[in-house]
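Per the numbering used here, the sequence shown starts with residue 20, numbered consecutively. Heads up, the beta-carbon is just placed ideally off N, CA and C, and yes, glycines get one too. First up is the structure itself, then whatever we jot down about it.
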Amino acid sequence: VETMVAVPGLGRIGSRFARLVAADGARLVVSDKDIGKIDGFLGSLPPLERKLVSVLAPYQMLDVVSDVLCPCAPGAFISESSAHALKCRVVVGPADGQFHADSFEEEKRIAAALFRAGISCVPEWIVSAGSAIHGLLESAQGSAFDVRTAVARTQRTCGWLTDEIMQASKRLGRSPIDVAIERVPGRAA
Numbered sequence: 020v021e022t023m024v025a026v027p028g029l030g031r032i033g034s035r036f037a038r039l040v041a042a043d044g045a046r047l048v049v050s051d052k053d054i055g056k057i058d059g060f061l062g063s064l065p066p067l068e069r070k071l072v073s074v075l076a077p078y079q080m081l082d083v084v085s086d087v088l089c090p091c092a093p094g095a096f097i098s099e100s101s102a103h104a105l106k107c108r109v110v111v112g113p114a115d116g117q118f119h120a121d122s123f124e125e126e127k128r129i130a131a132a133l134f135r136a137g138i139s140c141v142p143e144w145i146v147s148a149g150s151a152i153h154g155l156l157e158s159a160q161g162s163a164f165d166v167r168t169a170v171a172r173t174q175r176t177c178g179w180l181t182d183e184i185m186q187a188s189k190r191l192g193r194s195p196i197d198v199a200i201e202r203v204p205g206r207a208a
């Protein structure tokens, strides 16, 4: 069974993530407001991987049927009303402020709406920690940087926390964001 991953936002992080996903053989749907980023991304792929990629306009990404929605474009992607309409199983992305919310309480309501819709959502501030680790490794290692090693290190560092939060979410019947707020000191609004 092929995995379908939707990636809105092909900036530095989104394009790298999408290349890794394509290299692993998953099907992709990508978008970006900047057509140059789309062209650059498609041009960076070998022909066999390019065949796995479909391109949509940013406004169409919320309608994509996917296993994973990985928001990599900045801000305000998912609202409380769109949370009920998403057609994915998991939302996990590094985009800062991926919820269209004016307050932390509204973010929690959106997370609860996703949870009620049966969609797992890893808090972006945990996902972004992985991006920070990746960036630090790349900066420190320079030309010796290896993306697969960085991904493995990030998984070891952040994976245990994500696993704990997602398991507790299922066990307690509460959104992962509610659980994460209790487990990660200093994250409350």
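Item: In chain order, what residues of the same chain lie with their CB nearer than 8 angstroms to the CB of M185, ignoring the 5 residues before and after it?; Value: S139, V141, P195
Item: Using a threshold of 9 angstroms, state whether the C-beta atoms of A6 and R128 are closer than that.; Value: Outside the shown range of the chain (20 to 208) lies residue 6, about which nothing can therefore be said.
Item: Say whether the stretch 150 to 159 touches the stretch 129 to 138, bearing in mind that this needs 3 or more beta-carbon pairs closer than 8 angstroms, one atom from each stretch.; Value: no
Item: In three-state DSSP terms, what is L29?; Value: coil
Item: Below 7 angstroms CB to CB, which residues in the same chain sit around P27 once its five sequence neighbours on both sides are set aside?; Value: S50, P77, M80, P90, C91, A92, F96
Item: Pull up the distance between the alpha-carbon of E126 and that of L180, whole angstroms please.; Value: 20 angstroms
Item: Which same chain residues end up closer than 7 angstroms to S37 when comparing Cβ atoms and leaving out the 5 residues on each side of it in sequence?; Value: Looking at the sequence shown, residue 37 is not Ser but Ala. Within the same chain, A37 has close Cβ partners V26, L29, L47, V49, F60.
Item: Along the chain, where does the alpha helix (DSSP H) containing R172 start, and where does it finish?; Value: 166 to 191
Item: Using DSSP with H/G/I as helix, E/B as strand and the rest coil, what is F96?; Value: coil
Item: Apart from the five residues on each side of it in sequence, which residues of its chain come closer than 7 angstroms, Cβ to Cβ, to A207?; Value: Low per-residue confidence applies at A207: pLDDT is 49, beneath 50, and the placement is therefore not dependable, though the value from the model is reported in the following sentence. Closer than 7 angstroms at Cβ, skipping near neighbours: I200.
Item: If T22 and D86 are in contact, beta carbons under 8 angstroms, what's the gap, nearest whole angstrom?; Value: 5 angstroms
Item: For A45, which residues from the same chain have a beta carbon less than 6 angstroms from its beta carbon, with the 5 sequence-adjacent residues on both sides left out?; Value: T22, V24
Item: Between which two residues does the beta strand (DSSP E) carrying R46 extend?; Value: 46 to 50
Item: Indicate the three-state DSSP secondary structure (helix, strand or coil) for V83 in the structure shown.; Value: coil
Item: What did DSSP end up calling A208 once you bin it into helix, strand or coil?; Value: Any reading at A208 must be qualified, since the residue scores a pLDDT of 47, below 50, and its modelled position is unreliable; the value itself is stated next. A208: coil per DSSP, three-state reduction.
Item: Ends of the beta strand (DSSP E) at V74?; Value: 72 to 74
Item: Near F164, which residues of its chain fall below 7 angstroms by C-beta distance, leaving aside the five closest residues on each side in sequence?; Value: L156, E157
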